[in-house]
Amino acid sequence: MATDISLQETTYQVGDRRWLLSPHGADYTPGVTLDVAKFTPATHYPNGYIPSGTVVGIVTATGKAGPYKPAASDGTEVAAGILFADCRVIRANGTTATNVGSEVLVHGFVDAAKLPFPIDAAGATG
4 MATDISLQET TYQVGDRRWL LSPHGADYTP GVTLDVAKFT PATHYPNGYI PSGTVVGIVT
64 ATGKAGPYKP AASDGTEVAA GILFADCRVI RANGTTATNV GSEVLVHGFV DAAKLPFPID
124 AAGATG
């Protein structure tokens, strides 16, 4: 059996939690499964990571999370939490994941102006 010692490259992203005003509530961040198809690549993860601070809603039909959209009618019109950590959706081999596990802040103090995707007048995020 041969051992692969070839050079490999891995990218990381340092999370930006300036939106989190205090650690209050950060001790309880329940898990959530993100439906990556609900996110727009060029908007939500142009560098392969959905950033912490992304507000998500739960799709009623699947129980998976997508970006919060107040004008939607699939369940994502109700904010369920804020992604607590950056979430890698592009794998090392360049493919996009279908579903990714993460965690959400459901209670805490947040500076809405520092969230990565503000809610616009039409009710869309990003």
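With our numbering as the guide, the letters of the sequence shown map in order to residues 4 to 129. All residues carry an ideal CB built from backbone N, CA and C; glycine is no exception.
Unbroken beta strand (DSSP E) run spanning residue i, endpoints
{"i": "residue 46", "result": "Segment 44–47 is the alpha helix (DSSP H) holding residue 46; no beta strand (DSSP E) there."}
{"i": "residue 33", "result": "Neither: residue 33 is in no beta strand (DSSP E) and is coded neither H nor E."}
{"i": "residue 108", "result": "102–108"}
{"i": "residue 59", "result": "58–61"}
Burial state of residue i (16 or more Cβ within 10 Å)
{"i": "residue 47", "result": "buried"}
{"i": "residue 68", "result": "buried"}
{"i": "residue 70", "result": "buried"}
{"i": "residue 101", "result": "exposed"}
{"i": "residue 121", "result": "exposed"}
{"i": "residue 8", "result": "exposed"}
Minimum C-alpha distance to residue i - residue among the options
{"i": "residue 152", "options": "6, 112, 107 and 101", "result": "Beyond the ends of the chain as shown, which are 4 and 129, falls residue 152; an answer cannot be given."}
{"i": "residue 44", "options": "23, 6 and 98", "result": "98"}
{"i": "residue 25", "options": "121, 120, 113 and 119", "result": "113"}
{"i": "residue 72", "options": "8, 66 and 61", "result": "61"}
{"i": "residue 3", "options": "117, 53 and 82", "result": "Shown here, the chain extends from 4 to 129; a query on residue 3 therefore has no answer."}
{"i": "residue 89", "options": "64, 6 and 17", "result": "17"}
{"i": "residue 111", "options": "36, 96 and 87", "result": "87"}
{"i": "residue 117", "options": "40, 55 and 35", "result": "55"}
{"i": "residue 41", "options": "23, 77 and 29", "result": "77"}
{"i": "residue 57", "options": "83, 6 and 29", "result": "83"}
{"i": "residue 36", "options": "75, 91 and 30", "result": "91"}
For residue i: DSSP bridge partner residues
{"i": "residue 82", "result": "60"}
{"i": "residue 52", "result": "91"}
{"i": "residue 68", "result": "37 and 61"}
{"i": "residue 23", "result": "113"}
{"i": "residue 99", "result": "93"}
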